[in-house]
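> The following block contains the structure, expressed as structure tokens.
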Amino acid sequence: MSVSLPALLSQLLLGLVNGSFYAMLSLGLAVIFGLLNVINFAHGALFMMGAVLTWMAMNYLGVNYWVMLLAAPVVVGAFGILIERLLLRWIYKLDHLYGLLLTLGLTLLIEGIFRSAYGVSGLAYDTPDALSGAFNLGFMILPKYRAWVVVASLVVCFVTWFLIEKTRIGAYLRAGTENPRLVEAFGVNVPLMITLTYGFGVALAAFAGVLAAPVIQVSPLMGQNLIIVVFAVVVIGGMGSIMGAILTGLGLGVIEGLTKVFYPEASSTVVFVIMVIVLLIRPAGLFGKEK
Amino acid sequence: MNKSFIGYGLLFAALLAAPFVGAYPVFMMKLMCFALFAAAFNLLLGYTGLLSFGHAAFLGGSAYMAGHAMKVWGVTPEIGLVLGTATGALLGWVFGVLAIRRQGIYFAMITLALAQMVFFIALQAPFTGGEDGLQAVPRGKLFGVLDLKDDLTMYYVALVIVAAAFLLIVRTIHSPFGQVLKGIKENEPRAVSLGYDVGRFKLLAFVISAALSGLAGSLKTLVLGFATLTDVHWSSSGSVILMTLLGGLGTLSGPLVGAAVVVALENKIGELGHLLASITRVEWFNTLGESVTIVTGLIFVVCVLAFRRGIMGEAIALLGRGGKRAQAGGGH
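Protein sequences appear in the order of chains A and B.
Under the working numbering, the first residue of the first sequence carries the number -10, and numbering increases by one thereafter.
Under the working numbering, the first residue of the second sequence carries the number 103, and numbering increases by one thereafter.
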């Protein structure tokens, strides 16, 4: 079987693009789970909200892409804060499972609302002018937008990593993950921190949604298949490490891209197969700690 | 115990009489299949404390298996059901072995991911019919003699199968095995320190639950004559969770009630929407039929926040309180 180099490279790039989405989403899931002990099933729906809100603002209000790149995460983040304050805070004392069920309900609710407004078909979405077109690198054509997605997500991921691992706020956050009651005893406002963390995690999802909009079809259901893959990514990586989440996300995106070249039939299942293998060999996940 | 015995007796009698008082047999059979599915799921979530998010794979996988066997291989219905149930059990064993390696929330995510894998396989495999699904599965003759083409005959056969499976679940829960499962749910470390091999108990519970879900799936194919991607889609796993949660986690009758409510809701929500539209004059309600997920999502949120005991859980708590009050009153 022969595969041409440009085709291989372009699938590799597409893999990196998907990997960036996995990385940003699993990063948000991991941060939220660390502090809230809630697996946010609604992450996919909020990712979709970021994309659809951008579409709405561009079509109805004529707001441009760059404004929405900032505004959509802010709006969705605020919505997340509302969810946390109004709903999630009541279930922290319960079994983890209820967090999953509550956010599953929210997912159905949010997706249902957007679906009743826009149906399930894709919404047309333009790439911003500055990012349309492609660079010709000689050995391959590099679409500008895809390159932008990878660079932008990497920057966001590493800024998040830096914030959490190297700053004072991040130290509070990590301490809160270890032992919230003790941190509270030191005078840190843990409930506020929890609220903001949820808002931040959700904003990351919305940012990924805005980035994804021109690459994958914008539709009310765009988040639900993605979130299940991201769950598998989280199981593979383990939620203990921020860098682990980023690297696992990117890595799996690339593997998926390569599978599309060499054995396209398996491209939708390859992440799950890897999950099975990891579970058999290293049940705690690649970056997880055995308890 | 006696009271609930009478309750189930009445339910069974009502189901026996249902076709003669105007209930549509095919709808009733669909309802019973989902009731069995939810009861099997509850064995795992309600009595063992394991949240599987992958039960769609057992329902759908065995629905395809039974359908394929009856349609293409031309086997009799009972063989189809046995094959379907075995498929559920086998898938359950594979899922169980993998998922039990992790706990809590990871367990749910792993089962969800595995079920999604089954979904993609069903989407691509040649024998499932892809987007169209497996259509026109013949009902055939039970044991080669009893013709199931007649809805009424099919109804009573289905009723017997579902009732038998339900009794098996009740028996399992009240057996020593079921008590150990409850012990694991309440306090796993203690169950370990008492010397129970917790992993094996969980796995066996998972396989039983999956096998019975498989039975429900194959029976559904037999009744309706088709198996589609909807059965394997993760939303089926979501809806069985909702049935169990709404009916009452860890109660025997809860899943039956929950399944009845959810299935009826999914089927009748369009009419409900039109009714609401005519009462409130809000046009939007007319489209409610297409947005079932808004309603199911809302029920989920309300159940988790304010109604965690579910319909039967609340009813039992209410009866219990009433009983105690009566006793206290008798003492005076």
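Glycine included, C-beta positions come from ideal geometry on N, C-alpha and C.
(1) What residues from the stretch 4 to 19 of chain A come within 9 angstroms of chain B, judged by C-beta to C-beta, listed N to C?
(2) Give a yes or no on whether 8 angstroms exceeds the smallest Cβ distance from A:Phe220 to chain B.
(3) Taking 8 angstroms as the CB-CB limit, is B:Trp336 close to chain A?
(4) Report the rounded CA-to-CA distance for B:Glu233 versus B:Thr330, giving the unit in angstroms.
(5) In the structure shown, what three-state DSSP assignment does B:Glu329 receive?
(6) Nearest to B:Phe279 by CA position, among B:Tyr149, B:Met414, B:Ile108 and B:Pro127, is which residue?
(7) For A:Asn29, count neighbouring Cβ atoms within 10 angstroms of its own Cβ and tell me buried if that reaches 16, exposed if not.
(8) Give every residue of the same chain whose Cβ lies closer than 8 angstroms to the Cβ of A:Leu275, excluding the five residues on either side of it in the sequence, and list them in chain order.
(9) Which class does A:Phe124 belong to by DSSP, given the choice of helix, strand or coil?
(10) Please list, in chain order, the residues of the stretch 236 to 270 of chain A that have any C-beta partner in chain B closer than 7 angstroms.
(11) Three Cβ pairs or more, each shorter than 8 angstroms: is that satisfied between the stretch 235 to 250 of chain A and the stretch 20 to 34 of chain A?
(12) Indicate whether at least one CB of chain B lies closer than 8 angstroms to the CB of A:Arg157.
(13) Taking 8 angstroms as the threshold, find out whether the stretch 41 to 58 of chain A comes into contact with the stretch 360 to 376 of chain B through three or more Cβ pairs.
(14) Are the C-beta of B:Arg302 and some C-beta of chain A separated by less than 8 angstroms?
(15) Find the residues of chain B that neighbour A:Glu100, judging by a C-beta separation of less than 7 angstroms, and give them in chain order.
(16) Using CA atoms only, rank isn't needed, just tell me which of A:Ile244, A:Ala194 and A:Val109 is closest to A:Ala67.
(17) By the DSSP assignment, the alpha helix (DSSP H) with A:Ile130 in it spans what residues?
(18) Among residues of its own chain, excluding the 5 on either side of B:Ile286, which ones have a beta-carbon nearer than 8 angstroms to its beta-carbon?
(19) Can you grab the Cα-Cα spacing for the pair B:Val309 / B:Leu400, in whole Å?
(20) Sort B:Gly206, B:Pro228 and B:Val394 by Cα distance to A:Glu254 and report the nearest one.
(21) Within a Cβ cutoff of 6 angstroms, which residues of the same chain sit near B:Leu216, ignoring the five residues on either side of it in sequence?
(22) Of all the alpha helix (DSSP H) runs that stay within the bounds of the stretch 28 to 65 of chain A, which reach a length of 4 or more residues?
(23) Quick one: what does DSSP say B:Leu244 is sitting in, helix, strand or coil?
(24) For A:Tyr252, which residues of its own chain have a beta-carbon under 7 angstroms away from its beta-carbon, when the five flanking residues on both sides are left out?
(25) Alpha helix (DSSP H) containing B:Val177: first to last residue?
(26) Could you pull out every residue in the same chain whose Cβ sits closer than 7 angstroms to the Cβ of B:Leu334, ignoring the five residues on either side in sequence?
(27) If distances are taken between C-alpha atoms only, which option among B:Ala318, B:Phe122, B:Gly194 and B:Thr187 comes closest to B:Lys132?
(28) Spatial neighbours of B:Ala428 within its chain, please: C-beta separation below 7 angstroms, excluding the five flanking residues on both sides.
(29) Within 10 Å of its beta-carbon, does A:Gln213 have 16 or more other beta-carbons around it, so buried, or fewer, so exposed?
(30) Quick one: which residues of the stretch 94 to 120 of chain A get their C-beta closer than 8 angstroms to a C-beta of chain B? List them in chain order.
(31) Looking at the unbroken alpha helix (DSSP H) that takes in B:Gln226, where does it start and where does it end?
(32) Given a cut-off of 8 angstroms, decide if A:Gly246 and A:Leu3 are closer than it, judged by their beta-carbon atoms.
(33) Could you have a look at B:Gly431 and say whether DSSP puts it in helix, strand or coil?
Short version:
(1) Contacts with chain B (Cβ-Cβ distance below 9 angstroms) from the stretch 4 to 19 of chain A involve no residue at all.
(2) yes
(3) yes
(4) 8 angstroms
(5) Looking at the sequence itself, residue 329 of chain B is Ala, so the reference to Glu does not match. B:Ala329: strand per DSSP, three-state reduction.
(6) B:Tyr149
(7) buried
(8) Excluding residues within five positions, the ones whose Cβ falls inside 8 angstroms are Ile225, Gly226, Gly227, Gly233, Thr237 and Val267.
(9) strand
(10) Glu254, Ser257, Thr258, Phe261, Met264, Val265 and Leu268
(11) no
(12) Judged by the 8 angstroms Cβ criterion, A:Arg157 is not in contact with chain B.
(13) no
(14) Contacts with chain A at 8 angstroms (Cβ-Cβ) do not include B:Arg302.
(15) Thr395
(16) Of the candidates A:Ile244, A:Ala194 and A:Val109, the one whose C-alpha sits nearest the C-alpha of A:Ala67 is A:Ala194.
(17) Per DSSP, A:Ile130 belongs to no alpha helix (DSSP H); it is in the beta strand (DSSP E), Ile130 to Pro132.
(18) Thr150, Gly151, Ala293, Tyr298, Val300, Phe303 and Lys304
(19) 31 angstroms
(20) B:Pro228
(21) Gly156 and Phe197
(22) 32 to 45
(23) strand
(24) none
(25) That residue, B:Val177, is in no alpha helix (DSSP H); it is neither H nor E in DSSP.
(26) Just to set this straight, residue 334 of chain B is Val in the shown sequence, not Leu. Cβ within range, chain order: Ala158, Ala159, Gly162, Gly163, Val220, Phe221 and Ala224.
(27) B:Ala318
(28) Its pLDDT being 47, under 50, B:Ala428 is placed unreliably by the model, and the measurement read from it follows with that caveat. Excluding its 5 nearest sequence neighbours in each direction, B:Ala428 has no C-beta neighbour in its own chain below 7 angstroms.
(29) buried
(30) Gly94, Leu95, Thr96, Leu97, Leu98, Ile99, Glu100, Gly101, Ile102, Arg104 and Ser105
(31) Gly206 to Gln226
(32) yes
(33) Only weak support is given to the placement of B:Gly431: the predicted model assigns it a pLDDT of 40, under 50, and the question is left unresolved by the model.
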